[in-house]
Every structure is written in structure tokens, then in C-alpha cells.
Amino acid sequence: MVLENVERHYEDGEAPRTAAILGRAEIGAAAIVITLVDVVVFFPIAFLPGQTGRFLAEFGIVVTIATLTSLAVSFTITPALAGNWSLLSSWKAPRFIVAFGLGFERLRTFYSARILPAAMRFAIPIVIGAALLTAGAVALIPLGVVGFDFIPAVDIGQIFATVTFPTGTPLTTTDAAVRKITNAYLQLPDVQQVISTTGTAQAGFGGGINIGSTGQLRILLNPDHKETTDEDARKMSGIAHRLVPDGKVVAVPATGTRGGNAQPIDVTVATTRGEPDAYAQEVFQALSDTPGASNVNSSAEQLAPQYNIEFNRDRARVLDVNIGLAAQAVRAAFGGTLATQFDTVNGTKYVQVLYPQSYAESEANLRNISIRASNGNVIHLSDIAKLVSAPSQVLITRNNRETVIHIGANVAPGYAISNVQKDFQNRVKALHLPNIVIISTGAGGTQANLVQTVNGLGTSLILSFSLVYLLMVALYNAYRAPLVIMFAVPVAAVGALGALAITGQTLNLFSLIGVVMLVGLVSKNGILLVDFAELKVAAGMAKFEAMTAAARERFRPIVMTTASMICGMMPLALALDPGSAAKRSLGTVVIGGLTSSLILTLVVVPIMFVWIAPGPPKEPVPEKAEERLPSRPALASELR
Numbered sequence: 019m020v021l022e023n024v025e026r027h028y029e030d031g032e033a034p035r036t037a038a039i040l041g042r043a044e045i046g047a048a049a050i051v052i053t054l055v056d057v058v059v060f061f062p063i064a065f066l067p068g069q070t071g072r073f074l075a076e077f078g079i080v081v082t083i084a085t086l087t088s089l090a091v092s093f094t095i096t097p098a099l100a101g102n103w104s105l106l107s108s109w110k111a112p113r114f115i116v117a118f119g120l121g122f123e124r125l126r127t128f129y130s131a132r133i134l135p136a137a138m139r140f141a142i143p144i145v146i147g148a149a150l151l152t153a154g155a156v157a158l159i160p161l162g163v164v165g166f167d168f169i170p171a172v173d174i175g176q177i178f179a180t181v182t183f184p185t186g187t188p189l190t191t192t193d194a195a196v197r198k199i200t201n202a203y204l205q206l207p208d209v210q211q212v213i214s215t216t217g218t219a220q221a222g223f224g225g226g227i228n229i230g231s232t233g234q235l236r237i238l239l240n241p242d243h244k245e246t247t248d249e250d251a252r253k254m255s256g257i258a259h260r261l262v263p264d265g266k267v268v269a270v271p272a273t274g275t276r277g278g279n280a281q282p283i284d285v286t287v288a289t290t291r292g293e294p295d296a297y298a299q300e301v302f303q304a305l306s307d308t309p310g311a312s313n314v315n316s317s318a319e320q321l322a323p324q325y326n327i328e329f330n331r332d333r334a335r336v337l338d339v340n341i342g343l344a345a346q347a348v349r350a351a352f353g354g355t356l357a358t359q360f361d362t363v364n365g366t367k368y369v370q371v372l373y374p375q376s377y378a379e380s381e382a383n384l385r386n387i388s389i390r391a392s393n394g395n396v397i398h399l400s401d402i403a404k405l406v407s408a409p410s411q412v413l414i415t416r417n418n419r420e421t422v423i424h425i426g427a428n429v430a431p432g433y434a435i436s437n438v439q440k441d442f443q444n445r446v447k448a449l450h451l452p453n454i455v456i457i458s459t460g461a462g463g464t465q466a467n468l469v470q471t472v473n474g475l476g477t478s479l480i481l482s483f484s485l486v487y488l489l490m491v492a493l494y495n496a497y498r499a500p501l502v503i504m505f506a507v508p509v510a511a512v513g514a515l516g517a518l519a520i521t522g523q524t525l526n527l528f529s530l531i532g533v534v535m536l537v538g539l540v541s542k543n544g545i546l547l548v549d550f551a552e553l554k555v556a557a558g559m560a561k562f563e564a565m566t567a568a569a570r571e572r573f574r575p576i577v578m579t580t581a582s583m584i585c586g587m588m589p590l591a592l593a594l595d596p597g598s599a600a601k602r603s604l605g606t607v608v609i610g611g612l613t614s615s616l617i618l619t620l621v622v623v624p625i626m627f628v629w630i631a632p633g634p635p636k637e638p639v640p641e642k643a644e645e646r647l648p649s650r651p652a653l654a655s656e657l658r
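Just so you know, we're using the numbering used here here: the sequence shown kicks off at 19 and counts up by one.
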């Protein structure tokens, strides 16, 4: 902006050094205001709490320091180089550049001489139209057209497939199934490598599970895989179900920026009394029926077979059986018992007696355990006891000393996690679960981080808007001119939210940063217009003429700075580089917001300036004759 203003003075016929000095001095106040606006917008971001603050602390500090450094350079090095070097150059621009400059000049004249006067004639319809567009853009959020997410899903080419058999399945059976699935996956054209484990699996909500009936495969896709990770995951689930019909296979695409098999939707079910198993099944079904939820999984789907042995003491007394010895016999059969021990030169050896694994797999064998009565007779366990099936959870997770069951799901392509969560909550309310059931989100999961991000950046947005206005009130020593400038901020929502809706993206950590950035970026246009118009009004020019002059003189720096920012954000919005898709929404928001703000600010801010800003100073009131002091006679030296 400083360089453009210096160039304008040089084009008006001033000497290079004079143009450099006057150009910098004229726009100095506006440059300081724009820089400090960026500082009060970005610096508070560095102090956001929680996961959001850890992501953005360096961002806020770096932008703040870079902005202040840029101000120092533009006040010293830029005018010095312009007055002593660039303006002294005799270089002649090529024809296409000259033609572009002439075309831009015609556009500037058309705007200041035709569009702006027409906008003033139809001021009320234009302001109403801008307000309706802004309200319609904001309404996209509650309507669900633009949803919320923490971090957009990124196709990093990894899939986690968990194989689960009924608890008690031998490890050899699980291992054979995992090997069969691995060989089938390696035949797929998109698969580069498969890493498999048997008897253990990584839980999506953290930690690991060690059990023989579970296995897990980590599939790495080729960097140039033709199908998306979600499509490959669905195909792999179908293949595994055909190969292993007795087991359950859940293929989860690792779509987070850090990989892993943590699912974006993580719901915990707990109860204040009793166990949450029965209610968890209802919640699991509700999430499965929710549109947009895929690969629904539960930590309590597979229960371990367990039997409670209830002794009949009356029958035991009749058969002369000691209950303690009977319980010891059962424990020895399935848990083993230490029969004896002996010392050797290599240390103590222990002899443990227990049933073979094949014998322990049948309920009938459990009933036929032999027990010797006190009178020497041999009876069976079923003679004095009843077996009651009581399956138990393989994995017990606790939160705040309460047993919880995790129910997780992925978000299907084309859905926002906030919309899926809202639909799921409505389905849970329709279940009319008792008050003892507690349903919440997993600690440290995507949903919890999303709430923290929206609250933190929402607060930062409100704080930035307020600080920007208060800063300009302090710098301009007025409240109406800063109010006019702030009208450039809401209209940016038209392009920002509209661009997200058109491209099918969400409001997430990065796009919300773009929204906060827009507060500082779009304020620049209003500051450039109002600052120049205020100078003209202070010199006695009428408000409309002053704004017309400001619109003509500031049109070039406004378009130039906005276009450069849009071009700078274009690679980010296109996400051409691998791994850049997560930050795509940042570029989309900034480009859309700057575009709509550029178009609407050039007509809305001038209208509001004519309506709200103070007019030129009134003429001084002439003094009354009797109050005037008598003037002294002129001296002879003064007359000469």
C-alpha cells in the first residue's frame, strides 16, 4: 500500500524523493491502523486453551511478529528504495502490461463515475440486499448446509481392519483367518503392504486388547491408489466377510492427520446404577441407523463366555460333599492347581495340574467334573451344582470410576460430524432411556475437540471484532468512522460461508481460523476508503464528493491487495500437494470472504459513510463588533 501511494504521487508529477516522503506520510496513519488491527486479531489466538491453543499458538505469534516487521519495513526500506532506485528507473513496460494498466484505469473510472453514484441513488435497496445476503449466509449453519468438524478427513492411504471371533476361539483359528485375509488383501491393486497381528488389537479409544479371539491388520495403500480410502475400506470389509463368515471384520479408514484407528464419533454409555450393557445395545443401534455414520463399532459387542456355579448345599450335605473341596476341584480343572514342587540344581520346579484345552471347551465336560465325597464316593459337579451362563465383557473401561462402553463410528463422505451428531442425539432422545443412563462424548476425542474449537475460536472472533472497533475508536478519536469501517466485516460471511457450501466443506479448525483472519483482512478495505475520505472531509469537502475521491484514489490499492491475497491462497484452496487437503478450507474461506467483501464493501461502506460519518467542519462564527479588540496601527517598517 505504501509503494502504491508513492507511485501515485510520482504519477502526479512529483519528484521521486518527494513522492516517496509524501506518499508514505499520507498513508502512514492508515498503515498503522491496518497493522494494529491484524495484531489484535491474531495475537489473542496464541493464548487459546486446550487442543486448539496447542495447534495455533505458533500461528498467532508468527503472524503478529511478521505483521509488525512488515510495518517497520514499509515505513523505512520501502520508501527509501522507491525514492532512490525504482522511481529513477527508465524501464518501459511491455505492451500487454501497458494495455492492462489502461484497462484497469477504465475500470477504476467506471467504478467511481458510474457504479458509485448509481449505488448512492439506490442506497436503501443495496443495504437491504447486502443484509439479506449476510443473513442468508449465516442461516446456512443452523440449516445444516454448512456443518462443523474438528479437522477435515484426510485420505492418508491407511486402513485398520479388526477381526473379532467369539471370545474363547483358539488363537490358531484367529491366526489362520488373519493370514487368509492378509493374502486376499495383498491381491488388491491399491494395496502396498499389510501389517497384521494376532491375539492383540489397538483400541480406537486408546490402549490395546490382548485376547486370542482378536486380530488386526494395518493396510498401507499405494501413494497413487485409484480409489479413495473409504471405498477401499468398504471393499475390504466385503472380502473379509466372505472369507471369514464366522467372525466380524470392521475396516476403519485412518482419515485423521495423525493416522491411527480412532473414530471421529466416540460415544460413551454409563449408568449410575447397574451395568450399561443393555442400554449400550440400544445406543449402538441408534448410531447404526443414523445417516452418515459408518463402520459402527462397540467395545462391548463380544462378551466372554462365563458360567456362575451355584451350589445346592442341601444336596451336598446329603451326598456328604464338602463345598470348599468341590470349588477347589473346579478351579483346579480350568484354572490349574499347584500339585507339588521340588528343588533341582537349576532352581525350584513347580508342577501344575489342569485340564487340556480341548476338554475345557465343552459345557458338558464342566458338568462332569469328578468330585470325591467325604465317604469315598465319586460324584459329578452337576449332582450338587447348577451352571448359570453370565457372559462378561472382555474389555472393561472406566471413566471417573464408572464403567463405560465406547461406541464409535466413522463419518461417511459428504457428511459433517455436527450434522451426524445432531441426528444421533435426536434418535437417542426418542429412545426415552431412564435417567440413570449417562451418554457423553469420549474424553479427548474428535467431538470434544470440536466443541472446544468452536467455543474457543467463536470467542476469539467476538473478541477480535470488539478489539478492532475499540482500537480504531482510540486511534481515530471518534466512534462513527470506525463504525462505518466495521460494516465491511459482516458482508465477508456471504463469500466465506457460500464458498464452503458450494465446495461441500465444513467449518473446522482451519476454516474458523480463516473466518477470524477475515476480520483483519476485510477491515483493510474500509480503512483505506474511510481514512482518505476523512482527510477530504476535514479539508471542507462534502461527504459524497470526499468518498467519490477516496473511491477513485483507493480503488487500486484495495483491488491490488485483495487480489494478491486471493492468489496467495489459491494453491491452498486447490490442495494440489499431498497432505494439504486438511487446510483446504482455510484457503476457501479466505478467498470467498475477500471476494464478497471486495464487491460489497466498495458500495456498502461508501453508503454508510454518507449516512453515518460526520460532515465537514462548520464555518467559524464571526466575532461580534463590540467583542473585537482594537487593532494597533501598522509600523512604518511593516508598511515598507
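Don't be surprised by glycine CBs; every beta carbon is placed ideally from N, CA and C.
Being a predicted model, the structure only gives us computed values, none of them experimental.
- Can you tell which of Phe128, Ala33, Pro97 has its C-alpha closest to the C-alpha of Thr566? Taking the first residue of the sequence shown as position 1, residue 566 is located at position 548. Per the Cα distances, Phe128.
Q.
Need the endpoints of the beta strand (DSSP E) that His398 sits in, please.
A. Along the sequence shown, read from residue 1 onward, the residue named residue 398 stands at position 380. Unbroken beta strand (DSSP E) run through His398: 396-398.
Three-state secondary structure (DSSP) at Thr247? On the sequence shown, residue 247 is found 229 positions in, with the first residue counted as 1. Of the three classes helix, strand and coil, the one that applies to Thr247 here is helix, per DSSP.
- Message: Nearest by alpha-carbon distance to Val607: which of Ala519, Ala111, Ser316, Pro207 is it?
- Response: Within the sequence shown, residue 607 is the residue found at index 589, counting from 1. Checked all of Ala519, Ala111, Ser316, Pro207; the closest Cα to Val607 is Ala519.
Can you tell which of Gly46, Pro309, Lys542 has its C-alpha closest to the C-alpha of Tyr487?
-> One-based indexing of the sequence shown puts residue 487 at position 469. Measuring from the Cα of Tyr487, the nearest candidate turns out to be Lys542.
Less than 8 Å between the C-beta atoms of Ala511 and Thr152, yes or no? For this step, residue 511 is matched to residue 493 along the sequence shown. For this step, residue 152 is matched to residue 134 along the sequence shown. Result yes, Cβ atoms of Ala511 and Thr152 sit closer than 8 Å.
Discussion item. Mapping the DSSP letters down to three states, classify Phe442 as helix, strand or coil.
Written reply: Numbered from 1 along the sequence shown, position 424 holds the residue referred to as residue 442. DSSP places Phe442 in helix when its eight states are reduced to three.
Quiz prompt | Nearest to Ala37 (by Cα), restricted to the options Ile63, Leu66, Leu106 | solution = What you label residue 37 is simply residue 19 of the sequence shown in a count that begins at 1. The shortest C-alpha separation from Ala37 is found at Leu106.
In three-state terms, what does DSSP make of Ala269?
Sequence index remark: in the sequence shown, residue 269 carries index 251 (1-based). Strand, per DSSP.
Is it buried or exposed for Ala117, if we count other Cβ within 10 angstroms and need 16 for buried? For the purposes of this step, residue 117 is taken as residue 99 along the sequence shown, with counting starting at 1. That one is exposed.
Mapping the DSSP letters down to three states, classify Lys561 as helix, strand or coil.
For the purposes of this step, residue 561 is taken as the residue at position 543 of the sequence shown. Lys561: helix per DSSP, three-state reduction.
Spatial distance of Ser655 from Ala43 (CA atoms): As a first step, residue 655 is located in the sequence shown; it is residue number 637 there, counting from the start. As a first step, residue 43 is located in the sequence shown; it is residue number 25 there, counting from the start. At Ser655, the pLDDT of 36 sits below 50, so the modelled position is not reliable; the number obtained from the coordinates is stated separately. Looking at the two C-alpha atoms, the distance is approximately 39 Å.
Check: Which value, in whole angstroms, describes the spacing of the CA atoms of Ile229 and Asn313?
Finding: Residue 229 sits at position 211 when you count from the first residue of the sequence shown. Residue 313 sits at position 295 when you count from the first residue of the sequence shown. Rounded to whole angstroms, Ile229 to Asn313 spans 22 Å at the Cα level.
message: What does DSSP give as the partner residue(s) for Ala403 in the beta ladder?
response: Numbered from 1 along the sequence shown, position 385 holds the residue referred to as residue 403. According to DSSP, Ala403 bridges with Phe329.
In whole angstroms, what is the alpha-carbon distance linking Gly41 and Ser92?
-> Here residue 41 is taken as the residue at index 23 of the sequence shown, counted from 1. Here residue 92 is taken as the residue at index 74 of the sequence shown, counted from 1. Roughly 11 Å between the two C-alpha positions.
Query - Terminal residues of the beta strand (DSSP E) in which Lys110 lies - result: Working through the sequence shown from its first residue, we reach residue 110 at position 92. Unbroken run through Lys110: none, as it is neither H nor E.
Note the first and the last residue of the continuous alpha helix (DSSP H) segment covering Ser482.
Translated into the one-based positions of the sequence shown, residue 482 becomes position 464. It spans 464-494 - the alpha helix (DSSP H) in which Ser482 sits, taken as one unbroken run.
Quick check on Ala33: buried or exposed, where buried means 16 or more other Cβ atoms within 10 Å of its Cβ?
Your numbering for residue 33 matches position 15 in the sequence shown. It counts as exposed.
Quiz item: Comparing alpha-carbon positions, which option in Phe140, Thr619, Ile159, Ser598 lies nearest Val472?
Solution: Locating residue 472 in the sequence shown gives position 454, counting from the first residue. For the residues Phe140, Thr619, Ile159, Ser598, the minimum Cα distance to Val472 belongs to Ile159.
* Burial state of Phe140 (16 or more Cβ within 10 Å) -> Translated into the one-based positions of the sequence shown, residue 140 becomes position 122. Exposed, because fewer than 16 other Cβ atoms sit within 10 Å of the Cβ of Phe140.
Q) Looking at C-beta atoms only, is the number of pairs between the region 337-351 and the region 385-392 that lie closer than 8 Å three or more? A) yes
**Prompt:** So His424 is in the beta strand (DSSP E); what residue range does that whole segment cover?
**Reply:** Working through the sequence shown from its first residue, we reach residue 424 at position 406. 420-429 is the span of the beta strand (DSSP E), which, as asked, contains His424.
- So, do the region 389-401 and the region 243-256 have three or more beta carbon pairs nearer to each other than 8 Å? no
Based on the DSSP secondary-structure assignment, which residues constitute the bridge partners of Gly233? The residue you call residue 233 lines up with position 215 of the sequence shown. DSSP lists Val181, Thr216 as partners of Gly233.
For Ser509, which residues from the same chain have a beta carbon less than 7 Å from its beta carbon, with the 5 sequence-adjacent residues on both sides left out? Looking up residue 509 in the sequence shown gives position 491. In the sequence on display, residue 509 carries Val and not Ser. Contacts found: Ala148, Thr152, Ser614, Ser615, Leu618, Thr619, Val622.
If you drop the 5 nearest sequence neighbours on each side, which residues of the same chain put their C-beta closer than 7 Å to that of Phe67? Indexing the sequence shown from 1 puts residue 67 at position 49. According to the sequence displayed, residue 67 carries Pro and not Phe. For Pro67, where only same-chain residues beyond five positions count, the Cβ hits under 7 Å are Gly474.
Q.
Since Val659 and Ala599 should fall inside the 8 Å C-beta cutoff, what is the C-beta to C-beta distance between them, to a whole number of angstroms?
A. Any property of residue 659 remains undetermined from this structure, which presents the chain solely from 19 to 658.
When DSSP labels each residue in this structure, what does Asn386 get in the three-state scheme? Here residue 386 corresponds to residue number 368 of the sequence shown, with the count starting at 1. In this structure, Asn386 counts as coil in the three-state DSSP scheme.
Quiz item: Whose CA, out of Glu76, Leu337, Thr192, lies closest to the CA of Phe60?
Solution: Numbered from its first residue, the sequence shown carries residue 60 at position 42. Nearest option by C-alpha distance: Glu76.
Discussion item. Does Tyr497 come out as helix, strand or coil in the three-state DSSP assignment?
Written reply: One-based indexing of the sequence shown puts residue 497 at position 479. DSSP places Tyr497 in coil when its eight states are reduced to three.
Q: Mind checking who Gln359 pairs with in its DSSP beta bridge?
A: In the sequence shown, counting from the first residue as 1, residue 359 sits at position 341. Answer is Tyr368.
*Rounded distance between the beta-carbons of Ala517 and Ala609, thought under 8 Å*: Here residue 609 refers to the residue found at position 591 when the sequence shown is read from its first residue. Here residue 517 refers to the residue found at position 499 when the sequence shown is read from its first residue. Note that residue 609 is Ile in the sequence shown here, rather than Ala. Sure, about 7 Å apart at Cβ, within 8 Å.
(request) Taking 8 Å as the threshold, find out whether the region 233-240 comes into contact with the region 196-214 through three or more Cβ pairs. (result) yes
- request: Buried or exposed for Arg602, please, with buried defined as at least 16 other CB atoms from any protein chain shown within 10 angstroms of its CB.
  value: Working through the sequence shown from its first residue, we reach residue 602 at position 584. Looking at its Cβ environment, which holds 16 or more other Cβ atoms inside 10 Å, Arg602 is buried.
message = Considering only the alpha carbon of each residue, which of Phe483, Thr215, Arg126, Ala631 lies closest to Ala556?
response = Position 538 of the sequence shown, counted from the first residue, corresponds to residue 556. Closest option to Ala556, Cα to Cα, is Ala631.
From the DSSP output, in three-state form, read off Ile617 for me.
Taking the sequence shown and counting its residues from 1, one reaches residue 617 at position 599. Helix at Ile617.
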